[in-house]
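Quick note: to get the numbering used here, add 206 to the position in the sequence shown (first position is 1). We put the beta carbon where it would ideally sit given N, CA and C, even for glycine.
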Amino acid sequence: MSTSLQTRPVAGVVTAHRQTEGGGFIVRRPFPSASLEQIDPFLLLDEMGPTDYAPGKAVGAPDHPHRGFETVTYLLDGAMEHRDSTGGHGVIVPGGVQWMTAGSGVVHSEMPTTEIQLNGGRVHGFQLWVNLRAADKMIRPRYQGFGPDELATTSTAGGSTVRVVAGEVGGATGPVESTSPVTYAHVTVAPGDSIEWTPADGHTALVHVFGGTVWVNDVEVVDGQMVVLERSAGSVVVRSDAGKGTGAEVLLLGGQPLGEPIARYGPFVMNTRDEIEQAFDDYSAGRLGSIAPLDNAG
Ligand code: MN
């Protein structure tokens, strides 16, 4: 692809740290960290695995609440089953995505499918948390689920593949209706190829590398690192070096900064401390509901 005259300066490069989450699974987490609490409107990015579970060993995140933001799960390997207190239910398969708007609040569980729990298998994927603006924090919870064939895809002459979950990259527009403007794409960059992405002027733009090595606007970035671009105008060019031979895997994340105060505690993200206390009160009192028991009849 050709390169625009103007490219966005790189504001910084962060290296993901490892962390144990949920029922004991390991994630690679670029943020939040001690040095980077959030990147408005994004609150968290976790890479789950890749982990090869033995039979009986797969773990997930059993029943827990959320309020005030959105959780986005994109799976590369394995299968995850999500259930929630509104009756929402879905199985996420490789290449599929689930965009959950927690809004006013849900209790949900995010578990490897029964088959993976029984037989073992590889689980690999991402979870992104997207903040909601104050006016949207108490909206009705919503699930959007899309299979791999429902994502928008495009490819370059050089053999790179772009899968778009939300927003527009390379002329492909993803199926998710995000509550605020968000771009989410997974790009497999072919060796020696490059792709160009032009985020909206002034929006946050991130490139997370989870395989191989790339140059992002001429800054070298390796597996497990994430580039934060300045919130200016201009494009983002992600280039793979033919000499490395292996290409690269990256996530492109763009979003409109909300510019509002953030009060955050565990599974709740609101604007004020009082609203966090209210969320805990509501959860303790059962007002976020509970997940209906599975029907085991027969
Ligand atoms: Mn969750």
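Following the continuous alpha helix (DSSP H) through residue i, name the residue where it begins and the one where it ends.
| i | result |
| --- | --- |
| residue 410 | Taken as a continuous stretch (DSSP letters only), residue 410 belongs to no alpha helix (DSSP H), being part of the beta strand (DSSP E) at 410 to 422. |
| residue 322 | 320 to 325 |
| residue 445 | First-last for residue 445: 442 to 445, but that is the beta strand (DSSP E), not the alpha helix (DSSP H). |
| residue 479 | 479 to 490 |
Drop a sphere of 10 angstroms on the beta-carbon of residue i, count the other beta-carbons inside from all chains shown, and report buried for 16 or more, exposed for fewer.
| i | result |
| --- | --- |
| residue 215 | exposed |
| residue 431 | buried |
| residue 377 | exposed |
| residue 385 | buried |
| residue 316 | buried |
| residue 212 | exposed |
| residue 578 | Residue 578 lies beyond the residue range present for the chain, which begins at 207 and ends at 504; the question has no answer from this structure. |
| residue 490 | exposed |
| residue 251 | buried |
| residue 223 | exposed |
| residue 255 | buried |
| residue 471 | exposed |
Do residue j and residue i come within 7 Å of each other at the CB atom, strictly closer than that value?
| i | j | result |
| --- | --- | --- |
| residue 400 | residue 443 | yes |
| residue 390 | residue 324 | no |
| residue 449 | residue 343 | no |
| residue 270 | residue 473 | yes |
| residue 233 | residue 244 | no |
| residue 284 | residue 230 | no |
| residue 358 | residue 380 | yes |
| residue 305 | residue 278 | yes |
| residue 280 | residue 331 | yes |
| residue 394 | residue 348 | no |
| residue 413 | residue 456 | yes |
| residue 434 | residue 240 | no |
| residue 282 | residue 335 | no |
Could one say the Cβ of residue i lies closer than 7 Å to chain C's Cβ atoms, at least one of them?
| i | result |
| --- | --- |
| residue 487 | In summary, chain C is missing from the structure at hand, where a single protein chain is found. |
Tell me where the beta strand (DSSP E) around residue i begins and ends.
| i | result |
| --- | --- |
| residue 289 | 286 to 290 |
| residue 252 | 248 to 259 |
| residue 198 | No statement about residue 198 is possible, as the shown extent of the chain runs from 207 to 504 and does not include it. |
| residue 400 | 400 to 403 |
- Task: List in chain order the residues whose CB is within less than 7 Å of at least one heavy atom of ligand 1.
- Result: 267, 270, 272, 277, 314, 316, 473
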